[in-house]
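Q: Here's a structure for you.
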Amino acid sequence: MTEFFTYVIQGIPYGCVFALVAVGLVLTYKTSGVFNLAFGAQAFVAAAVYYDVHVRHGWSRWPALAFVVLVLSPALGLLLDVAIFRHLRTASPIAKLVASLGLLVAVPQIVSIWLGQSSTFGVVGIWWDDNALYHFGKFVLDGRQMAIIVSTVVAVTLLGFLFRFAPIGLRMRAVVESPRMTELAGVDSDRVSAFSWMLSSLFAGLAGVLLAPLYASLASQNFSTLLIAAIAAAAFARLTSIPLALVGGLLLGITQALLSGYLPPASVIAQNLKPSLPFAALFLLLLFWPGLRSAVQNKDPLSGVDPPPSPPVAESRGEFLTKTTRVFGTVVVAGALLWLLTSATSYWIGIATTAVVLSVIFLSITVITGMAGQVSLCQATFAGVGAFSTAQIVKVFGLSVLPTLLIGAFVAAAVGALLAVPMLRLGGIFLSLGTLAFAVMFDTLLAPLGWVSGGAHPVRVPRPIGFVDDRSFLILCVVILVIASIFVIFIRRGTTGRFLHALRGSETASRSIGINPTRVRILAFAVSAGLAGLGGGLLAVQKNIATKEDFGYFLSLFFVVLVVTLMPSTVEGAINAGVGFALVPEVLKLVGVSVSWEFVLFGLGAITYARHPEGVLEFQKRKSLAAIEKRLPARWRGPGVDPTVLPAGSAD
Amino acid sequence: MALLDAVDVTKRFSGITALDAVSMRVDDGESVGLIGPNGAGKTTFFNCLLGLLRPESGSVTFAGRNLTRAPVYRRARAGLGRTFQRMELFAGMTVRDHLLVAERSRLGTGRFWKDVLNLAAPSADERARADATLELLALRDVADAPIEALSLGRGRLVEVGRALMTEPKLLLLDEPSSGLDAAETAALAATLRAVQAERGTAVLLVEHDVEFVRSFSDRLYVLDFGTLIATGPTAEVLGSDEVRRAYLGETV
């Protein structure tokens, strides 16, 4: 029994951190409808600044702590609200999620650039002595654990008082009940929203400072992984109940400690199972926790007054311009290919191949996000499934590489379809969270296993016969990309694409004319996963090796951010994203700045998604089209869109 | 045998009884009205019929099939079509494409391999049928316009057209006149009468505009606070004291 309680006690500190994060998540979700994936990034900012002022600049503990938790973190929360999320209040839940996803990608990189890569070791906690031991009967806690437990109790108690007795707390509770009624009652919801962002950011800061000393060094990965784990606790609270978020966090921490205590430490399963527990818990909660599914957001009743999306530039362009662009595009692409196939060095051929291969993977996002309107956060995992299957099948069965690439794509498609069946019952941001949980689970539980990735000895995979040298392999990849692009275009034009378009417009109406949404979307998931798997297989063949590092969950997040920022709805957008992925680091190297800026650029770019769901590139094209057409003689101009017509329904 | 036979449909929203044992029959080709004050449960009833909401008890039989537990798309395929009070159109699609999508859904000929081989373009037959419906609804001139370019009244006609493409046996119209002015409403009513005359589709109409209802429906049901308070031939029901009190707000 003592052993049991020892484990329980060990789990409580982690549970407290989970609880703090979960409470913060619930706070912002309840008051602004944003599921703040950037919460972990905010915690990381606090931890990094605390480290900087306390360890590097020698501030003493209390001023440093007060500055970070009470000044900097709320200020950051206020900045996020005023600069970004306040303007997204009427945006779709998906747009809000993508904005926070962009921050999750960008903010830690900004901090890392500021912090510098070296000497972030020796993180110090906020307790008088981190290593002091405190005995409570048979149980022992050290300074870090004491700090976590005491701070959590204080923070949560204060929050409870605030909600119960302070006027702003009362208003926040009112906003939770009904934001519109609160506005009608004369409460400024901007102020309430700003306050709740500051408050939740304060919780992020506290969690960050408390969490930092539990790890050997400051690394943003620890914080984002922790955030995703804590989503399980927030899901347990159905994203709405703060007390339940607390309980969920504690339960999560304790279960994790019990699991690591009782499972035989040496077994592979135990080693993989322990870190994946929160994600498994999240996955299962999303699927089976009653009330979560019914918590799926209501459509904004005022969405009818939103202006309609503009048609793609390609459709409103005049014939003259279309021809010019086409000729110009063909010349550029042909020139680039000619250069690559004749005089380019193998370094640049490698970069071009990466661009082409990544474009194939990004086509999968064109299908799932651009066509089906779902944000899937496990596309890199599907690519990994394709890569590992291809590599293992070639190794074990000795099949030739080219057909095996197809088999790998089919395996990925099957996994995608299987995942889609439970996920599609969720929809909206819960689908995104579920796919994220799946991605992290795959990373921690399956990817390290020998039969998946080869474990410590990654599987090697040869180039197909006839395409061994870099140039011919590039040609093969281009051919595959062209075929995959045509495949996607045909599907978009076909019944599947048109049904998906209808579902994007109105799921209710689509069902009412006999479209089975589940069937169409499972198909979209399978196609998307298959494309990702094909691209993943190609990536492994290009590198001659399939390693799990190439398909981690963070890449899934970055892929989505990248494609969504540029142009999510067209094949051209996927190819642009592939070129961007490969080329931007080279440009950054040329300019002489850190490659991390790529993440910052695209991460911050994703925030524009809410305003330009068609993508930044498409938006810029539209602006330049308008500018060019103004200078053209009238007979060369396109039909354009008459800005005077009103959208249907706007007369309400 | 009734086309639609809803028996004792009861729907509660966390303690509030929105529908209390509502029963309704509609026969083939019949034109029936459902009226009642705001919040009476008319749209809730439609949603229960179409399966967008699951009633706590009661049954829905349609064309001889028990559809009580069937998903929405199956009910649609069985011949239930509907329009929406708050319009549900497909943003970014042309008017004709709205109809073509519905046509493809009705035919059920969409196959993935056809998509992959680029064989899924609308056939001449499908286009002809869509054009016939556009003609019927006087929408030919905007066939290729994006849906966003249409006025509210014509947007409602697109909804009707989309529903008609599935060849419904019963068309549920949810307040088609809401947001329209008197002239637009009259035009809409005339078009709907023409549709009914040509296609012989049974119609269940939820409507506030009493003139519209009077001119369109043979028979009426009156819903108030989730219960049916009257039913019978249109003129008779509209003349009854109880209905006038509850719904028309007249003191008798």
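One line per chain: the protein sequences are A and B, in this order.
Per our numbering, residue 1 is the first one in the first sequence, and the count goes up by one each step.
Per our numbering, residue 1001 is the first one in the second sequence, and the count goes up by one each step.
For every residue, glycine included, the Cβ atom is placed at its ideal position computed from N, Cα and C.
Could you work out which residues of chain B lie near Ala502 (chain A), taking near to mean beta carbons separated by less than 7 Å?
A: Residues of chain B passing the Cβ test: Phe1090, Val1101.
Q: Beta-carbon within less than 7 Å of Ser303 (chain A)'s beta-carbon, same chain only, minus the 5 sequence neighbours each way: which residues are those?
A: In this predicted model, Ser303 (chain A) has a pLDDT of only 43, less than 50, meaning its place in the structure is not dependable; the value taken from the coordinates is given anyway. Excluding residues within five positions, none has a Cβ falling inside 7 Å.
Q: In chain order, what residues of the same chain lie with their CB nearer than 6 Å to the CB of Ser594 (chain A), ignoring the 5 residues before and after it?
A: The answer, listed in chain order, is Ile113.
Q: Measuring alpha carbon to alpha carbon, tell me which of B:Leu1164, B:Glu1148, B:Arg1111 ends up nearest Leu1137 (chain B).
A: Closest option to Leu1137 (chain B), Cα to Cα, is B:Leu1164.
Q: Determine, using beta carbons only, whether Arg521 (chain A) comes closer than 8 Å to chain B.
A: Cβ-Cβ to chain B under 8 Å: no for Arg521 (chain A).
Q: Given a threshold of 16 other Cβ atoms within 10 Å of its Cβ, counted over all protein chains shown, does Ala456 (chain A) qualify as buried or as exposed?
A: The residue is exposed, with fewer than 16 neighbouring Cβ atoms inside 10 Å.
Q: Please go through the same chain and pick out, in chain order, the residues whose beta-carbon is closer than 6 Å to the beta-carbon of Ala437 (chain A), but skip the five residues on each side of it.
A: Contacts found: Phe279, Leu282, Phe283.
Q: At the level of alpha carbons, what is the spacing between Asn516 (chain A) and Leu424 (chain A)?
A: Cα to Cα, the separation comes out at about 12 Å.
Q: What's the call for Phe136 (chain A), buried or exposed, on a 16-neighbour Cβ count within 10 Å?
A: Exposed: under 16 other Cβ atoms inside 10 Å.
Q: Comparing the C-beta of Arg1069 (chain B) with each C-beta of chain A, is any distance below 8 Å?
A: Answer no: the Cβ-Cβ gap between Arg1069 (chain B) and chain A never drops below 8 Å.
Q: Is Lys138 (chain A) buried or exposed, if buried means 16 or more other CB atoms sit within 10 Å of its CB?
A: Classification of Lys138 (chain A): exposed, given that the 10 Å Cβ count is below 16.
Q: Could you give the DSSP three-state label for Ser400 (chain A): helix, strand or coil?
A: Ser400 (chain A) falls in the coil class under three-state DSSP.
Q: Skipping 5 residues on each side, what residues in its chain have a beta carbon closer than 7 Å to that of Ile84 (chain A)?
A: Within the same chain, Ile84 (chain A) has close Cβ partners Ala99, Ile607.
Q: Starting from Ser193 (chain A) and walking both ways along the alpha helix (DSSP H), at which residues does that stretch end?
A: Where Ser193 (chain A) is concerned, the enclosing alpha helix (DSSP H) stretches over 189-211.
Q: List, in chain order, every chain A residue whose beta-carbon is nearer than 8 Å to that of Gly1110 (chain B).
A: By Cβ distance, chain A contributes Gly494, Thr495, Thr496, Phe499.
Q: Output needed for Asn131 (chain A): all residues of its chain with C-beta closer than 8 Å, excluding positions within five of it in sequence on either side, in chain order.
A: Same-chain partners within the cutoff: Asp142, Gly143.
Q: Closest to Thr1043 (chain B) by C-alpha separation, out of B:Val1206, B:Arg1154, B:Ser1105, would be which residue?
A: If we check each option's Cα against that of Thr1043 (chain B), B:Val1206 comes out closest.
Q: Three or more C-beta pairs under 8 Å: does that hold for the stretch 1130-1149 of chain B against the stretch 1097-1111 of chain B?
A: Touching, yes.
Q: Fully enclosed by the stretch 1108-1172 of chain B, which alpha helix (DSSP H) runs are 4 residues long or longer?
A: If we require 4 residues or more, the alpha helix (DSSP H) runs fully inside the stretch 1108-1172 of chain B come out as 1112-1116, 1124-1136, 1152-1165.
Q: Buried or exposed: which applies to Leu1139 (chain B), given that a residue is buried once 16 or more other Cβ atoms fall within 10 Å of its Cβ?
A: Result: buried.
Q: Spell out whether any CB of chain B is found under 8 Å from the CB atom of Ala509 (chain A).
A: So, interface residue.
Q: For the candidate residues B:Thr1061, B:Gly1226, B:Ser1031, B:Asp1181, whose alpha-carbon lies nearest to that of Arg1075 (chain B)?
A: Here the closest residue by C-alpha is B:Thr1061.
Q: I'd like to know whether the C-beta of Tyr14 (chain A) is nearer than 8 Å to at least one C-beta of chain B.
A: Judged by the 8 Å Cβ criterion, Tyr14 (chain A) is not in contact with chain B.
Q: Can you check which of these residues, A:Phe619, A:Phe67, A:Thr381, A:Trp128, is closest to Gly205 (chain A) by C-alpha distance?
A: That would be A:Phe67, whose Cα lies nearest to the Cα of Gly205 (chain A).
Q: Out of A:Asn544, A:Leu214, A:Phe195, point me to the one whose CA is closest to Asp470 (chain A)'s CA.
A: Closest by alpha carbon: A:Asn544.
Q: Cutting at 7 Å between CB atoms, please list the residues of its own chain near Ser556 (chain A), excluding the five before and the five after it.
A: If we look at Ser556 (chain A) and ignore the five residues flanking it on each side, its Cβ neighbours are Leu377, Cys378, Gln379, Ala380, Thr381, Ala439.
Q: Give a yes or no on whether 8 Å exceeds the smallest Cβ distance from Phe410 (chain A) to chain B.
A: Output row for Phe410 (chain A): interface = no.
Q: Just to make sure I have the definition right: I need the residues of chain B whose C-beta is within less than 8 Å of the C-beta of Phe487 (chain A). Which are they?
A: Going along chain B in sequence order, the residues near Phe487 (chain A) (Cβ under 8 Å) are Val1116.
Q: Considering Ile1016 (chain B), what are the terminal residues of the beta strand (DSSP E) in which it resides?
A: Its beta strand (DSSP E) spans residues 1016-1026.
Q: So Phe525 (chain A) contacts chain B; which residues on that side make the cut at Cβ distance below 9 Å?
A: Result: empty, since nearest Cβ-Cβ is about 13 Å, beyond 9 Å.
Q: Classify Glu1159 (chain B): buried if its beta carbon has 16 or more other beta carbons within 10 angstroms, exposed otherwise.
A: Flag for Glu1159 (chain B) reads buried.
Q: For Asp1181 (chain B), tell me which candidate among B:Asp1209, B:Glu1198, B:Val1203 has the shortest Cα-Cα distance.
A: Answer by Cα proximity: B:Asp1209.
Q: Whole angstroms are fine: how far does the CA of Leu37 (chain A) sit from the CA of Val229 (chain A)?
A: Here the sequence assigns Ala to residue 229 (chain A), which means Val is not the residue at that position. Roughly 11 Å separates the two Cα atoms.
Q: If you run the structure through DSSP and keep just helix, strand and coil, what is Ala651 (chain A)?
A: For Ala651 (chain A), the predicted model reports a pLDDT of 36, less than 50, meaning its position is unreliable and no value from the coordinates is stated.
Q: Assuming Val579 (chain A) and Ile254 (chain A) form a contact by the criterion Cβ under 8 Å, report the distance between their Cβ atoms to the nearest whole angstrom.
A: Rounded, the Cβ-Cβ distance is 48 Å, inconsistent with contact.
Q: Take Ala546 (chain A) as the anchor and find which of A:Leu202, A:Tyr29, A:Val394 has the nearest alpha-carbon.
A: With distances taken between Cα atoms, Ala546 (chain A) lies closest to A:Val394.
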